[in-house]
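> Submitted below is the structure of interest, expressed as structure tokens.
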Amino acid sequence: MSKILSILSLPLGILIALKYFNIYNINLLVPVEITIVGALFLIAMQIFSYVTIHSYNQGTTLMGKLIKTILAIPGVLYIANIFYPLNLGFDLQIVIAIFLFTEGIYGLH
5 MSKILSILSL PLGILIALKY FNIYNINLLV PVEITIVGAL FLIAMQIFSY
55 VTIHSYNQGT TLMGKLIKTI LAIPGVLYIA NIFYPLNLGF DLQIVIAIFL
105 FTEGIYGLH
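Going from the sequence shown to the working numbering is simple: count from 1 and add 4.
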């Protein structure tokens, strides 16, 4: 299941990056905002990873919990930004794209 999620996160990260750099906007074809899908996928991927590691290893270390939390923060901030506008000095869209792409590459090794 982890490999399937990694295979899905690679094109999702690439599509978000293409939208960020105004090369190609997939939202013209798909009625859903692709960055929201990417943020939710990033959060879900970290929760799934935490649950599988926790169940197979009968617990996780503090460092494992911290890493999964840090990797989910861009997605949580993007979703929170929809309901409560935040004034951040950077664009979360490219951060989500980079996290999805690197998570996809890391999961396929």
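Glycine is no exception: its CB is placed at the ideal position from the N, C-alpha and C atoms.
Would A101 and Y24 be called neighbours here (beta carbons separated by less than 8 angstroms)?
As a first step, residue 101 is located in the sequence shown; it is residue number 97 there, counting from the start. As a first step, residue 24 is located in the sequence shown; it is residue number 20 there, counting from the start. Result yes, Cβ atoms of A101 and Y24 sit closer than 8 angstroms.
> Where does L96 land, buried or exposed, given buried means 16+ other C-beta within 10 angstroms?
Translated into the one-based positions of the sequence shown, residue 96 becomes position 92. Buried: at least 16 other Cβ atoms inside 10 Å.
> Just how far apart, CA to CA, sit I38 and P15?
As a first step, residue 38 must be located in the sequence shown, where it is residue number 34. As a first step, residue 15 must be located in the sequence shown, where it is residue number 11. Going from the Cα of I38 to the Cα of P15 covers about 11 angstroms.
> So what does DSSP say about Q50, is it helix, strand or coil?
Locating residue 50 in the sequence shown gives position 46, where the first residue counts as 1. Reduced to three states, the DSSP call for Q50 is helix.
> Can you tell me where the alpha helix (DSSP H) holding F87 begins and where it ends?
In the sequence shown, counting from the first residue as 1, residue 87 sits at position 83. Taken as a continuous stretch (DSSP letters only), the alpha helix (DSSP H) holding F87 covers L66 to F87.
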